[in-house]
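Heads up, the sequence shown is in the UniProt record's numbering, so the first residue is 1 and it goes up one at a time. Quick notes on the structure that follows.
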Amino acid sequence: MMMFLFLHSLRTFESTLRVLTSSALILSFLFSERPAASATGMTSDTDDLPALLSIKAHLHPPASLSSWDSHNSSTAFCQWPGVTCGNSQNPGRVTSLDLANLGLTGSISPDIGNLTFLRSLNLSLNSLQGQLPPELGRLSHLESLLLSRNALEGRIPGTLANCSSLWRISLGSNRLAGEIPAALGALPKLQILSLHYNDIGGRIPASLGNLSSMTHIDLVGNRVTGTIPPSLGRLQSLVHISVTGNSLTGAIPANIFNMSSLCYLYVGYNQLSGTLPPDMGNTLVNLEVLQAFGNTLEGPLPISLPNASRLTEIVLPYNRLSGPLPRDIGRLRYLSSLSLRDNRLEAKKAEDWEFLASLANCSNLRTLDLGYNKLEGTLPAAIANLSTQLKWLGLGGNEIHGSIPAGIGSFTHLHRLYLDQMALAGDIPAAIGKLQNLHILSLNGNRLSGVLPSTVGNLTQLERLYLNDNSLQGEIPKSFHNLQRLTVCDLSFNELEGSIPKELAELSSLTRYLNLSHNLLTGPLPSEFGSLKNLQVLDISDNRLSGEIPSTLGECQVLQYLYLQRNHLQGTIPDSLSSLGGIQVLDLSCNYLSGPIPLTFERLQHMKFLNLSLNDLQGQVPDQGGFKNANLYSVAGNDKLCGGIQELHLQPCSRLVPGNKCGSPAVRSPISFVFIVSLLVLSLGKASYLVRKQRTRIYMPAGPSKRQTSILEVRPGGRSM
């Protein structure tokens, strides 16, 4: 009975408590402050306010978000810059956050996952750091995620697979690592996956082949390995594949070449092998760009390629393609770029050159680069019939002979002309001066003769000039004064005569190197060389120059390599050369220089080799600074020198008797004479070896290498935001 009364009392107490609680809630609602109406007339729900304030707190400095203020009652957060709220169905809930290109730093707050109605997030073009918060996976309504061009690190969170509405993921140009989450293959609406220029490794998940809506895949510039999954060939909506600059291996899957939707295929700079299918021009009917440079693709160019009538770019240099080019390739009337450099393509018979005449139909052609293949025969006159809009023409490194046609002057829009390393003969046509938009002229390594036409001075846009390794004669034209943009000039290994024009020595634009070596130049070195204050390499060796070394050379403060050996230079070595603080190699050997070695040379801290051998120098050899190491310099063949470090085996200065080049009377004894001659032979041998070693290791190459002239300008292609 007592237990019954206790339970009854307990139930009565609970009922009373519920009534009191309900009453309290009602009173609280009646007398509390109601939410303020927003400027739009809607009642503002502040559920998203703490998340926005947390986002602001993680950004440094948040000056761009100064109006994001929790104490600002006159403006609801739906009116804050970059914030967009929903419609009448979701009033007061953030649906879009756009803070792109505001110079923001800091990190992404994990509380961003509380903006559960968010559909679009754009934080691109800032300097955000840190990792992508896994809480992004809570944004079930998210459709567009744009975080490209920041400094974000870490892995791509697999929780993004929970964002089932995502159609675009753009995380390019960050520092993301790890692998591509295979879980992304479960996003049913994903169309664009852009992860270019990160540090992502691992394999391309085969699960991406499940994304039937996918149109763009961009993985350019990562460390992705393995093969291209054949499952990608199932994506019937795929328009764009970019995997350039990774470490992919194996063959391109055959079913990729059956994707009629594909417009852009970028697979360059990988380790892909195999062949291009002979019928790919018939199956890739919408293909516009084919870029596969820097792989090991073999076999012929598909004969069906001209059937892919929308092709604008065929970029396949640095592979192992062989055989002739399709003769009717000119049927690609939209073709703007044909780059097949450094392959094994052939033209052995006259009919093999028919492709060149066919290309005359391509009025949009801007780039034609067929350098370093196996094209043979005379340079066809049909080359003059190519599009006058041509900006890049490269045929160098083939087995082509004949002369340069005067019709070359019709390409007035040409920026780069590479006709190097062949067997071209005859004169350089004066019509070359009509190419007034030319930036690079490379005719080195041929058999060109005659005088250097003064019309070269008309090329006022010229930046690099390579005429070395020919048989050019006459003087260097004074019209070189007009080449005010020239950074590289190589006229070495010719038969040029006369003096060095001061007009060339005054070109302050020369910054990389000026090479006039191995010619027949005479006269003094122009004092105007002091104008080359930003030049790195000056080589005037192996000529017949005379006179003194101008002291103005000491004003070339950036100079690293100075070669004046094997000339007829006289006088003393100017002290001003010790002002060349960055000099690494200074070669004054095999001249008629006299006087002492400047003691100020001890201050040359970056010197790798100083060659003063075979001159008529006299006096004490310095023994401090770089002169402490006998491997860094040579003074052999200067028998009036004395002192120096022990390894030089020179006479002490106190015992040296002035006299003729044979030295003191003591030297005239037969034993001493034999000893000195033996020592001189050994020293010269050592000096010659060191000079050859230094020139091999650090000397600037004569003319552009076959990889320098093209690969740097190949556009990696296909990047998306």
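For each residue, glycine too, the CB sits at the ideal point set by N, CA and C.
Under the three-state DSSP convention, the category residue i falls into
i, result
"T378", "strand"
"T367", "strand"
"A636", "coil"
"Q421", "coil"
"R149", "coil"
"D111", "helix"
"H216", "strand"
"A357", "helix"
"E33", "Because E33 sits at a pLDDT of 33, beneath the cut-off of 50, its placement in the model cannot be relied upon, and the point is left open."
"C489", "strand"
"I314", "strand"
"E135", "helix"
"F480", "helix"
"I583", "coil"
"L305", "helix"
"E346", "strand"
"N444", "coil"
"N515", "strand"
"P300", "strand"
"Q646", "helix"
"L232", "helix"
Where residue i falls, given that 16 or more other Cβ within 10 Å makes a residue buried
i, result
"R168", "buried"
"S247", "exposed"
"Q291", "buried"
"G644", "buried"
"A51", "buried"
"R447", "exposed"
"H216", "buried"
"A505", "buried"
"A63", "exposed"
"V285", "exposed"
"H60", "exposed"
"K434", "buried"
"N101", "exposed"
"Y466", "buried"
"E351", "exposed"
Proximity winner among the options, relative to residue i (alpha-carbon distances)
i, options, result
"L390", "C362, E298 and L559", "C362"
"residue 726", "L272, V456 and L145", "Because the chain in this structure spans residues 1 to 721, residue 726 falls outside the shown range and cannot be described."
"V488", "H196, L365, N515 and L99", "N515"
"L532", "G397, I597 and Q484", "Q484"
"I404", "N519, A431 and L414", "A431"
"S66", "A76, S54 and P81", "P81"
"G554", "L535, G407 and G547", "L535"
"I192", "G172, L301, L368 and I200", "G172"
"K628", "G637, L617, G619 and K608", "K608"
"S579", "L564, L588 and F601", "F601"
"I228", "Y266, N519, Y561 and S237", "Y266"
"L452", "N468, N174 and C85", "N468"
"S322", "T275, S304 and T312", "T275"
"L395", "Q565, L462 and K374", "K374"
"Q588", "N174, L610, Y418 and G581", "In the sequence under discussion, the amino acid at residue 588 is Leu, which differs from the Gln named in the question. Per the Cα distances, L610."
"residue 740", "E376, L368, T378 and S237", "Beyond the ends of the chain as shown, which are 1 and 721, falls residue 740; an answer cannot be given."
Separation of residue j from residue i, as counted between CA atoms
i, j, result
"K640", "G498", "34 Å"
"Y334", "Y513", "40 Å"
"S551", "S527", "8 Å"
"S509", "L184", "53 Å"
"S441", "T105", "Note on identity: in this sequence residue 441 is Leu, with Ser being the wrong assignment. One C-alpha to the other measures close to 45 Å."
"D575", "V621", "15 Å"
"S492", "G450", "15 Å"
"G154", "Q421", "48 Å"
"P326", "G445", "29 Å"
"N557", "R464", "The identity of residue 557 in the sequence shown is Gln, whereas the question assumes Asn. Those two C-alpha atoms are separated by around 22 Å."
"R416", "N437", "9 Å"
"R544", "N494", "13 Å"
"L520", "A381", "34 Å"
"D539", "L132", "54 Å"
"K478", "F529", "15 Å"
Residue i CB to nearest heavy atom of the ligand COA below 7 Å
i, result
"L553", "No copy of the ligand COA occurs in the structure displayed, which carries no ligand at all."
Curious, which full-length alpha helix (DSSP H) runs of at least 4 residues does the stretch 235-294 contain? Within the stretch 235-294, the complete alpha helix (DSSP H) runs of at least 4 residues are 280-283.
Restricting to runs no shorter than 3 residues, where is the beta strand (DSSP E) found entirely within the stretch 74-106? The beta strand (DSSP E) runs of length 3 or more contained entirely in the stretch 74-106 are, from start to end of the chain, 83-85 and 94-98.
Note down, one range per segment and in chain order, each beta strand (DSSP E) of at least 3 residues found wholly within the stretch 517-562. If we require 3 residues or more, the beta strand (DSSP E) runs fully inside the stretch 517-562 come out as 537-539 and 544-548.
Every unbroken beta strand (DSSP E) within the stretch 564-625, with a cutoff of 3 residues, ordered by chain: Uninterrupted beta strand (DSSP E) stretches at least 3 residues long and entirely within the stretch 564-625 occur at 568-572, 585-587, 592-595, 609-611 and 616-621, given in chain order.
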